[in-house]
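In our numbering, the protein residues as written are 559 to 766.
Worksheet: one structure, shown below.
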């Protein structure tokens with residue numbers, strides 16, 4: 559796998575002071591077998607608008623939990639149309655009605671929360687990885703958002719050995735807000751992730 563061929567610690571040091579555009583350009587030269595994931599969350603327009611400037615046809619993996627707010631579906635449709643995204647949409651194998659009846663929408667402390675996470679997000683994402691078999695995975699994870707993410711970096715490896723590239727890893731909310739204002743990008747302020755639920759929790763797929 560590509561991720562095992564790189565000295566990730568060395569390259570994280572080299573990439574640390576580069577811009578997201580420069581990081582993306584560097585990464586795109588490594589392989590054509592790449593994806594980007596999005597939940598169409600608060601700052602999703604930042605990565606998608608930046609990445610598609612350099613790769614218009616990259617596969618955009620969206621694991622729709624079926625529990626998004628109407629604003630998120632509007633935001634998704636807006637970005638899909640605006641950037642002509644090569645969207646690859648994955649949903650749970652159960653309908654929302656079936657999930658509501660059998661699991662419900664459990665809180666993070668509920669014993670059913672892990673099952674809910676598996677059904678609405680983890681299984682669809684595993685299905686996406688199995689179908690596309692990527693060597694590179696662009697993400698919008700950033701430092702300090704969760705304990706797990708604070709231990710990562712611009713480059714990291716997934717459990718499957720996929721090279722994860724996070725061009726905005728060291729950007730804080732204020733920096734992203736300034737970029738959104740400067741570029742006049744849309745922001746999904748009403749985003750809610752039923753798996754993550756709390757700001758300091760992990761969304762699920764980045765545990766992979």
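Backbone N, C-alpha and C fix where the C-beta goes; we use that ideal spot for every residue, glycine too.
- When DSSP states are grouped into helix, strand and coil, residue 615 belongs to the coil group.
- Burial is judged here by how many other beta carbons sit within 10 angstroms of a residue's own beta carbon; residue 575 has fewer than 16 and is exposed.
- Contact annotation, residue 604 with residue 726: C-beta distance approximately 6 Å; criterion of less than 8 Å satisfied.
- Scanning the segment 687 to 729 for uninterrupted alpha helix (DSSP H) segments of 4 residues or longer gives nothing; none is fully contained.
- For the set 589, 599, 754, 711, the Cα lying nearest the Cα of residue 665 is the one of 754.
- Every alpha helix (DSSP H) stretch that sits fully inside the segment 567 to 592 and reaches 4 residues is listed by chain position as 578 to 586.
- Here the alpha carbon of residue 613 sits roughly 11 Å from the alpha carbon of residue 642.
- Within the segment 631 to 660, the runs of beta strand (DSSP E) that reach at least 3 residues and sit entirely inside it are, in chain order, 644 to 648.
- Bridge partners of residue 608 according to DSSP: none are assigned.
- Looking from the CA of residue 588, the closest CA among 681, 721, 570 belongs to 721.
- Taking the CA atoms as reference points, residue 724 sits about 35 Å from residue 655.
- Taking C-beta separations shorter than 7 Å and ignoring five residues to either side along the sequence, the partners of residue 746 in its chain run 598, 599, 600, 602, 629, 630, 633, following chain order.
- A residue is called buried when at least 16 other Cβ atoms come within 10 angstroms of its Cβ; residue 577 does not meet this threshold and is exposed.
- In this structure, residue 625 sits near residue 663, with a CB-CB distance shorter than 8 Å.
- Under DSSP, residue 594 takes part in a beta bridge, and its partners are 618, 696.
- Closest by C-alpha distance to residue 748, out of 627, 646, 659, is 627.
- When secondary structure is reduced to three states using DSSP, residue 742 falls in the coil class, being assigned neither helix nor strand.
- Proximity to residue 617 across 695, 744, 737 peaks at 695, based on C-alpha coordinates.
- Assigned with DSSP and collapsed to three states, residue 684 falls in helix.
- Per DSSP, residue 560 is one residue of the alpha helix (DSSP H) stretching across 560 to 563.
- Under a 10 Å Cβ-count criterion, residue 719 is classified as exposed, with fewer than 16 other Cβ atoms of the shown protein chains found around its own Cβ.
- Here residue 671 has 664 as same chain residues with Cβ atoms under 6 Å from its own Cβ, once five neighbours each way along the sequence are excluded.
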